[in-house]
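The letter at position 19 of the sequence shown is residue 1166 when you use this note's numbering, and the numbering goes up by one with no holes. We put the beta carbon where it would ideally sit given N, CA and C, even for glycine. Heads up, the thing below is written out as structure tokens.
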Amino acid sequence: MGNWLSVLDRVLGGDGTAFQPAPRGNGHPGTRGHGAPDPMPPALDAATDPGTPTPTASPDAQAAERALHVGARELADHLAPAAMQVEPDRIHLIGEGWVRVWFIEDLPPALGRGAIDAIYDFPGEIRVALVTRPMDKAAVREHLRQRRTALFAENMTRTQQGRLPDFTAQDELAETERSLHDIESSHLPPLQLLWAVALYGRTQDELDDLTRRLEDYMLDADLRFFRASFRQEEGLYSVQPFGINFLGHGRNITVSALAGMFPFARRLQADIAGIPYGIDRTTGAWVIINPFAQNNYNLLIVGAQGSGKSMFLKYQTTWAILLGMRCYILDLEGEFEPMCRALNGTYLDMSLTSPHRMNIFDLNPDDPDAWHNGLQDTLAWLEIALGALTHKERNVVLVPTYERVMRAAGLDPDNPASWRNLAPVLSDLYEALRSDERREAQDLADRLMTMAVGVYAPAFSQPTNVNPRSPLVVFGLKNVHPDMQALRMRQINTFIWANVLSKMQPTLMIVDEAWRWLEHPGAAHDLAEMARRFRKRNAGVWLATQHGGDLSASQQAVVIRDTAAMTVLFRQTSASVGAVAQLFSLNEVEAREMLTLDRGESVLILGPNHIPVYTVIPPEWYPFWTTDPRDRAL
Ligand SMILES: Nc1ncnc2c1ncn2[C@@H]1O[C@H](COP(=O)(O)OP(=O)(O)O)[C@@H](O)[C@H]1O
Ligand SMILES: [Mg+2]
């Protein structure tokens, strides 16, 4: 960034006289440092091929100056390096580094995408400029005709003289014929393309090392390229965003061939049925992805505190709701409430005194496996509530008691229609255990007492009384004591399985601050189950967590990590970046970038693609989402 601005400064004149016409014929007026070039370098005219029309640089250059004038110079003044020393095949940006510029003289007729991608994605600081200009169709046609005649005559002469044909000339003749045909049959004018590449290094050695690698890549791509010898300065200006070909070099290209070279066109991630994730930080194009079109619908978000994870979730939730999906959010911090209210969602306060009830005995009448799943769910809840269960407690006492209590309430394992009947509650199980004289049953009843019939009974032993029709439900867990959170999570989980997922509709289960759940074995197990089983229900689990290490901490965490089709990495701390880079196979440059990402900037990993994203938060929504007290609505 700094580099082009500093060059901009020099092009525009760092001394504040930029927009006075620069004295012609004085290439180095000696402003700051090495001095600014004339805005219309004389080299431009001198270097142009006699055969190609002269670029109309002067009006373009003036327009570029005008467009860039506003406000730019002050910033550029601050960023400009002290001086720039131009050498035959590189430039020393004093105090900043070194840069070398190439131009591509010729490309093979069929340029492989993989080969171009290797150059565009080169792991180093690189600028690629594709400067195009339409050419006069009639002039090009005339030029090609003359060339065809000359080549044809040459071939004839060789044949008459009994010499072997010149295969290069024959190839060129065929190519010329093809170009002529393309021009005649197309409505689009032929284009002239300057393809220039600039490579930056912090030291001479780094630049030389990177140069070798880049030149290998260009050879692999079958490009004919040159270092812009003695033309480095013009080359450097050509890769700045002026849209001007200061090198004067150009190569004819058809519009369709050019289209194949654009990174944006090919890498566009835009699914019409998807959710916007933000804009691509290199191309500025929207990144729009349909999570339900991936192998599975799970997404992981990893980033340091304050890096923008929750903001991203709020942005995604809002879009998901607007697009007709359903969202359930586990909100440990109470920070999703303003967003929920603004979207007209249902906010369920899950504190123990809350009037909202969810019964862990509910079955999902639409699930053919509901009896079995319901038993597992209830047992899982009981394990969290009662602590570890022995084999006898679990299989000899609890399972038969559970079945007895369910049957007593009219729910029969063999009759799915009966699963719609009102389920029993925890106090029914408690009473059944109390009436069982075995020592284990009495012990279990003792351990269950506070929740079944004691102070916590209102929270855990009541029929379900919420039936949120809203597609957005936020479960507020802020006021739940940490010891009780996992129990609440289990209830919510049962509630979601039994009541919500019976209706097939794309659904996102969003778990912010997931590391706090992952620390808890019961809750981690639940999340892993969701990650595994949700797909069949057209639902996905979206988890945000702070440390990459959280995702390797337990077997459950690994399940969650490995099932996620998408990952979004926000800024990492230096302590966590190593683990993250290894987990998600980031290269060295990406890993370094992880440390300096700004809020809202991320790298989206989708299969083999690593997409640099910035999530732009609409200003009207921002006050409802921010946790910064100065910016909040209310
Ligand atoms: N994309 C963004 N654009 C602008 N500001 C942002 C963005 N993401 C985050 N912020 C700011 O940073 C603050 C912290 O972000 P948050 O998402 O709560 O971080 P995290 O959840 O990663 O700890 C937000 O309250 C907001 O003020
Ligand atoms: Mg957060």
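Indicate whether Gly1725 and Ala1712 have their beta-carbon atoms separated by less than 9 Å.
It is not a contact, given that the beta carbons lie outside the stated cut-off.
Is the beta carbon of Phe1642 sitting closer than 9 Å to the one on Val1688?
No, the pair does not count as a contact, with Cβ atoms beyond the cut-off.
Going by beta-carbon coordinates alone, are Gln1703 and Pro1668 separated by less than 9 Å?
Their beta carbons are under 9 Å apart, which means Gln1703 touches Pro1668 by this criterion.
Any chance you could list the beta strand (DSSP E) runs of at least 3 consecutive residues sitting entirely within the stretch 1568-1639, in chain order?
Entirely contained in the stretch 1568-1639, the beta strand (DSSP E) runs reaching 3 residues are, in chain order, 1619-1623.
Contact defined as beta carbons within less than 8 Å: I believe Glu1338 pairs with Val1402. What is the distance between those atoms, to the nearest angstrom?
Checking the sequence shown, residue 1338 turns out to be Leu, not Glu. The Cβ separation is near 6 Å, so the contact holds.
When the Cα atoms are used, what is the spatial distance from Asp1516 to Val1544?
C-alpha separation (whole angstroms): 23 Å.
For a test of the three-state rule: what should DSSP assign to Asn1442, helix, strand or coil?
Three-state DSSP puts Asn1442 in coil, outside helix and strand.
Between the Cα of Thr1464 and those of Asp1745, Ala1321, Val1620, spot the shortest distance and give me the residue it belongs to.
Of Asp1745, Ala1321, Val1620, the residue nearest in Cα terms is Val1620.
One question on the structure: do Asp1509 and Thr1611 come within less than 9 Å of each other, judged by their Cβ atoms?
It is a contact, given that the beta carbons lie within the stated cut-off.
Hey, would you say Ile1266 sits closer than 9 Å to Val1344, going by beta carbons?
Yes, the Cβ-Cβ distance between Ile1266 and Val1344 is below 9 Å.
Quick check: Met1497 and Phe1622, are their CB atoms within less than 9 Å of each other?
For Met1497 and Phe1622, yes; Cβs fall inside 9 Å.
Who are the near neighbours of Pro1502 in its chain, counting only those whose CB is closer than 8 Å to its CB and skipping five residues on each side?
These residues qualify, in order along the chain: Asn1612.
Return the bridge partner residues of Thr1654 from the DSSP annotation.
Thr1654 is bridged to Arg1473, Ala1686.
Should Lys1461 be labelled buried (16 or more other beta-carbon atoms within 10 Å of its own) or exposed?
Its Cβ being crowded by 16 or more others within 10 Å, Lys1461 is buried.
Going by DSSP in three states, Glu1272 sits in which element: helix, strand or coil?
In this structure, Glu1272 counts as strand in the three-state DSSP scheme.
Quick check on DSSP: helix, strand or coil for Ser1385?
Helix, per DSSP.
Using C-beta distances below 7 Å, list every residue in its chain close to Ala1417, excluding the 5 sequence neighbours before and after it, in chain order.
The answer, listed in chain order, is Trp1433, Ile1435.
Look at the alpha carbon of Glu1660 and the alpha carbon of Leu1624, and state the distance between them as a whole number of angstroms.
Computed Cα separation, rounded: 12 Å.
Quick one: complete beta strand (DSSP E) runs, 3+ long, within the stretch 1708-1751?
Runs of the beta strand (DSSP E) inside the stretch 1708-1751: 1713-1716.
I need the DSSP call for Arg1349, collapsed to helix, strand or coil.
Note: Arg1349 maps to coil in three-state DSSP.
Along the chain, where does the beta strand (DSSP E) that runs through Asn1520 open and close?
Unbroken run through Asn1520 is the alpha helix (DSSP H), 1517-1533; no beta strand (DSSP E).
Tell me which residues pass a beta-carbon proximity test against ligand 2: closer than 6 Å to any heavy atom, given in chain order.
Counting every residue whose Cβ lies closer than 6 Å to a heavy atom of ligand 2, we get Lys1456, Ser1457, Asp1659.
Hey, is Gln1719 close to ligand 1, as in C-beta under 8 Å from one of its heavy atoms?
No, the Cβ of Gln1719 stays beyond 8 Å of every heavy atom of ligand 1.
Tell me which residue opens and which closes the beta strand (DSSP E) that Gly1244 is part of.
Residues 1244-1253.
Looking at Ile1764 and ligand 3, is the gap between the Cβ and the nearest heavy atom below 8 Å?
Ligand 3 is not among the ligands present in this structure, which contains only ligand 1 and ligand 2.
With respect to 8 Å, is the separation between the Cβ of Arg1746 and the closest non-hydrogen atom of ligand 1 below this value?
True, at least one ligand heavy atom lies under 8 Å from that Cβ.
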